[in-house]
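In our numbering, each residue carries its 1-based index in the sequence shown increased by 1143. All residues carry an ideal CB built from backbone N, CA and C; glycine is no exception. Keep in mind it's a predicted model, so treat the numbers as computed, not measured. To start, the structure under review is shown below, and the notes come after it.
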Amino acid sequence: MSKRIVEDSAALGSLKERLADCEGAKERARNLVLEREAAYVRVFEAILAEQNVLIDLYSPLMNRLGAAEGALKKLSFSVTREADVAHWAAEGEGLLDLRHKGPFRGRGTLGQLAEAALKAAWENGDPQAVSSAMREFRSDNEKELLEHSPVPKADQSDYRTWSKRFAKWLYSTEHLAIHYSIDYDGVDIRKLSPGTRGIVLLLLYLALDDADDRPLIIDQPEESLDPKSVFDELVNLFLEAKKNRQVIMVTHNANLVINTDADQIIVAEAGPHPSGELPPISYLSGGLESDHIRKAVCDILEGGERAFQERARRLRVRLER
């Protein structure tokens, strides 16, 4: 009998412990949620700090571009926070049984709800705004999401493991990234055509290097820049750069020679190619106002005399025929 009493007492003690554990479960769960929300806020504080560091780091460049004139006014620098909502939603759907009846049956609904409820806060909100948006999202959708668990609640051990994975995903931030870009007319430089991208890089280089007096060598810009773009966007910057430094351009395109108002022209011409040897190369130099240089350049000019007439008009000189 005493043995039975001991066993029953032990069982009763165990049941009391389990009862106390169950009674405190809700409080522990609430505290865990608060701790996770606080950690979520701290993570976003770190993300926002990174964003602000980049803004502060590049603010001199942003201010300089903002005060620029002409083509440089088309340049701007931006730092943005971007949320890959599709990736976040796909990760979440991977944790759910999408075959269950309910609002999250099938793919797509989770991403649509996140776009509407979370994306704006993720990309533009402060840490408290992000936390509030997530709290509201949980309040509106958590019950339905949990109903799509692939693990039955009766299987407490596996369900607890799944719940932890679910919570970790819900408050994850791997889908967030800080991006900075140079924009031209509001378009990210990476999305521009090679020619326009070349223009932008030259604009930026000439704008930032205006105090440098070392010679600037530009090798075959026609590979990425069309002559009209050079004339429209870069000629004034070349002229400004020439006040402090020598600008040397190596090109096969005579239009660039004309449009950039070159002061000194060196025309290289290859002679006959002897068998087994390199061809001789001769050089002719002078200004565009010289007859022999004008004729040599005109011989290889795309479009002929018209460009020279325009140059003559700018220089107020009369071309001999």
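Using the three-state DSSP reduction, which class does residue i fall into: helix, strand or coil?
i	result
VAL1400	helix
ILE1332	helix
ILE1190	helix
GLY1466	An answer regarding residue 1466 cannot be provided, because it is not within the stretch 1144 to 1464 covered by the chain.
VAL1294	coil
THR1339	helix
ARG1242	coil
ASP1199	helix
SER1418	coil
GLY1209	helix
The beta strand (DSSP E) spanning residue i covers which residue range?
i	result
ASP1362	1359–1362
ILE1391	1390–1393
Nearest by alpha-carbon distance to residue i: which of the options is it?
i	options	result
TRP1265	TYR1183, ASP1240, ARG1207 and TYR1327	TYR1183
TYR1323	SER1336, GLU1258 and PHE1220	PHE1220
LEU1347	LEU1377, PRO1337, ARG1357 and SER1336	LEU1377
LEU1466	LEU1313, ALA1226 and ARG1185	The structure shown does not extend to residue 1466, since the chain spans only 1144 to 1464, so no value can be given for it.
TYR1426	SER1418, ASP1355, GLU1180 and ALA1439	ALA1439
PHE1381	ASN1398, ASN1402, GLU1365 and GLN1363	ASN1402
VAL1294	TYR1327, LYS1307, PHE1280 and LEU1218	LYS1307
ALA1263	GLU1317, VAL1400, THR1304 and MET1277	MET1277
LYS1311	GLY1235, ASP1301 and TYR1327	GLY1235
Beta-carbon within less than 6 Å of residue i's beta-carbon, same chain only, minus the 5 sequence neighbours each way: which residues are those?
i	result
GLY1414	PRO1422 and PRO1423
ILE1360	ILE1391
Which residues does DSSP pair with residue i in a beta bridge?
i	result
TYR1323	VAL1222
GLY1251	Paired residues: none, contrary to the question.
GLU1412	SER1425
Please return the same chain residues whose Cβ sits closer than 8 Å to the Cβ of residue i, not counting the five positions on each side in sequence.
i	result
PRO1358	ARG1388, GLN1389, VAL1390 and ILE1391
LEU1241	PHE1247, ARG1248, GLY1249, ARG1250 and HIS1291
So residue i is in the alpha helix (DSSP H); what residue range does that whole segment cover?
i	result
THR1304	1299–1313
ASP1442	1434–1442
HIS1230	1228–1236
GLU1383	1378–1384
CB-CB under 7 Å to residue i, same chain, minus the five flanking residues each way: which ones, in chain order?
i	result
PRO1270	VAL1184, PHE1187, GLU1188 and LEU1191
GLY1254	VAL1228, ALA1229 and ALA1232
Using 7 Å as the cut-off, classify the Cβ of residue i as near or not near the heavy atoms of the ligand GTP, replying yes or no.
i	result
LEU1215	Ligands are entirely absent from the displayed structure, and the ligand GTP is therefore not among its contents.
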